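In the numbering used here, the protein residues as written are 56 to 273. For every residue, glycine included, the Cβ atom is placed at its ideal position computed from N, Cα and C. Bear in mind that the values here come from a model prediction, so they are computed numbers and not experimental data. See structure below.
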């Protein structure tokens, strides 16, 4: 069962580095977006779509070098990246980012890709823990966004067709249902990456507990 309010306290230096990286990035996000959580989602999903592809690539190459099975890691990571990409497509339809925000998206993606690629190369455990902490913040952001919609602070327009198709939402679904579905996905990514980091912390890689198909909300 995936819990909404969840935080894994750092247990070692690797965890503290991961947490510190996310907290630093959060300072810039808060300064730029403040309480515009719909626009924050655009940059968040752009960045979040990177780790799965990078991790999947590294795990794929590792399996080729070692002539061993990946225990489901590659598909899970690639599915995670695809899921985050779909989140981005959905929120682009909802928020209509400005030209400045589009520029920020391009810069954020390029910078994060370079940093995360190097981080995974140096310490895959720290990389997965970083993603887990990033997803913790994503869950929090979508929870606040949901509260804004439910209290009327921001509008609750009809869900775009792309969201209805992807999550099999009802014809009368609105933004509220889209946020709930997105947050559910982020909770799964959070827990999966914490699990990956734990298994890389001196433990033999076993089959992942959560199947790849679970990375899309039911």
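Other residues of its chain near residue i: CB distance less than 6 Å, five sequence neighbours each side excluded
i, result
"residue 168", "105"
"residue 115", "129"
Contacting residues, own chain, Cβ-Cβ under 7 Å from residue i (five flanking each side not counted)
i, result
"residue 144", "217"
"residue 100", "139, 142, 143, 146"
"residue 188", "73, 74, 77"
Bridge partners - residue i, DSSP secondary structure assignment
i, result
"residue 229", "213"
Buried or exposed by the 16-neighbour rule on C-beta atoms within 10 Å, applied to residue i
i, result
"residue 165", "exposed"
"residue 70", "buried"
"residue 275", "Outside the displayed range of the chain (56 to 273) lies residue 275, so it cannot be described from this structure."
"residue 90", "exposed"
"residue 215", "buried"
"residue 119", "exposed"
"residue 154", "exposed"
Beta-carbon separation (whole angstroms), residue i vs residue j, contact threshold 8 Å
i, j, result
"residue 76", "residue 179", "Not quite, the Cβ-Cβ distance comes to about 15 Å (not below 8 Å), so this is no contact."
"residue 93", "residue 161", "The Cβ separation is near 19 Å, so there is no contact."
"residue 211", "residue 184", "In fact, because the Cβ distance is near 35 Å, the residues do not count as touching under 8 Å."
"residue 241", "residue 193", "4 Å"
"residue 18", "residue 95", "Outside the modelled stretch of the chain, which goes from 56 to 273, sits residue 18, for which no answer is possible."
"residue 102", "residue 64", "With 8 Å as the limit, residue 102 and residue 64 do not qualify as a contact, their Cβ atoms being about 23 Å apart."
8 Å Cβ shell around residue i - same chain, five flanking residues per side excluded
i, result
"residue 201", "231, 234, 235, 238"
"residue 62", "191"
"residue 224", "214, 218, 232, 233, 236"
Start-end ranges of the alpha helix (DSSP H) lying completely within the region 124 to 185, minimum 4 residues: Here the runs fully enclosed are 128 to 150, 154 to 177.
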